[in-house]
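For the protein sequence lines, the chains are A and B, in the order given. Position 111 of the first sequence, counting from 1, maps to 111 under my numbering, and the rest follow consecutively. Position in the second sequence counted from 1, then plus 1000, gives you my numbering. Every residue gets a Cβ at the ideal spot worked out from N, C-alpha and C, and that includes glycine. Accompanying notes for the structure given below.
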Amino acid sequence: MEVPTASMPDVAFLLIIFFLVTTTLYMDKGLGLVLPRVGQTKVVPRRNICNVWVNAAGEVAVEGEIVPLEELREEVARRLRANPKLIISLKVDEQAKYKVFVDVLDELKLAGATRISIASPEVKGGP
Amino acid sequence: MGLERRSKVEVRIPTASMADIAFLLLIFFMVSTTFVRYRGLPVELPRARKIKRIETRRNLVYIWITKDGKICVNDILTELNSLEEMMSRRMRENPRTIVSLRADEEVPYGKVSEVLQVLRRAGALRVNFATRRKQG
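In structure tokens form, the structure reads like this:
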């Protein structure tokens, strides 16, 4: 009395094919950020804030000076070296493309910035 | 006068271990498989370099934002107004929720910002901006 095992590979390969076809690679990746709680606003000394602005045309400015995207990383890294407690405040125009926002956020992260605040766009008409 | 066959070696591929190989591969695919849970909306994700994988899928909520401003949460098409209610309910059910924001790269940032404000009010603070990998 013996269990026939000749068709065992066939069964296994069939299952393999099923899993091959249905497999999708794990694709959930991206840039993580933790938002501040509502009402949890802290007063930070001005010298610990570095404002990064992005206008509607996608131009980036660090503390009022326009910086090309390629040089942003070095610029921010330099400021971070000078003051490790620096908080980057990223202010993006409403009309700017999301792509630019992600590019800038990516550069900030590449520069080693861990404390990034994404301020909401200013209300029309100014504060 | 027939030529005599020199060797009587039987040529046969051993198939006994075939099943083992097959099962090994099977186990690999079974373990590495994850199924697509939500179809979502068609979006062109932006690209970035410093990206991280989200380790746990269980706590994940997907929010899609398309070019024309449609918002979709885990396959449910929704509006900005009802998003807050929806997300705060989610947060009550699972306070460890992570939001995977899958916005199209062409979306104006104002739209994304509105959604982020809603998420903040709903208490969904852990956000992940879904991106593709940029080369170089």
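Within the segment 1091 to 1130 of chain B, the complete beta strand (DSSP E) runs of at least 3 residues fall at 1098 to 1103 and 1126 to 1130. Counting the other CB atoms within 10 Å of its CB gives ARG1058 of chain B a total below 16, which places it among the exposed residues. Rounded to whole angstroms, SER1113 of chain B and PHE13 of chain A show a C-alpha spacing of 49 Å.
DSSP places THR22 of chain A within a helical segment (H, G or I) once states are collapsed to three. In the displayed model, VAL1031 of chain B falls within a helix according to three-state DSSP. Excluding five sequence positions before and after LEU1080 of chain B, the CB atoms of its chain that fall closer than 8 Å to its own CB belong to ILE1071, GLU1114, VAL1115 and VAL1118, given in chain order. With 16 or more other Cβ atoms inside 10 Å of its own Cβ, THR1097 of chain B counts as buried.
When the alpha-carbon of PRO36 of chain A is set against those of B:ALA1103, B:GLU1055 and B:ALA1124, the nearest one is in B:ALA1124. Apart from sequence neighbours up to five positions away, the residues of its chain that approach ARG1121 of chain B with a beta-carbon distance below 7 Å are GLU1084, ordered along the chain. Bounds of any beta strand (DSSP E) do not take in TYR98 of chain A; it lies within the alpha helix (DSSP H) bounded by 98 to 110.
For ARG1047 of chain B, the three-state secondary structure derived from DSSP is strand. Around the beta carbon of GLY64 of chain A, fewer than 16 other beta carbons lie within 10 angstroms, which makes this residue exposed. For SER1082 of chain B, the three-state secondary structure derived from DSSP is helix.
Annotation for GLU71 of chain A: the continuous alpha helix (DSSP H) segment containing it runs 69 to 82.
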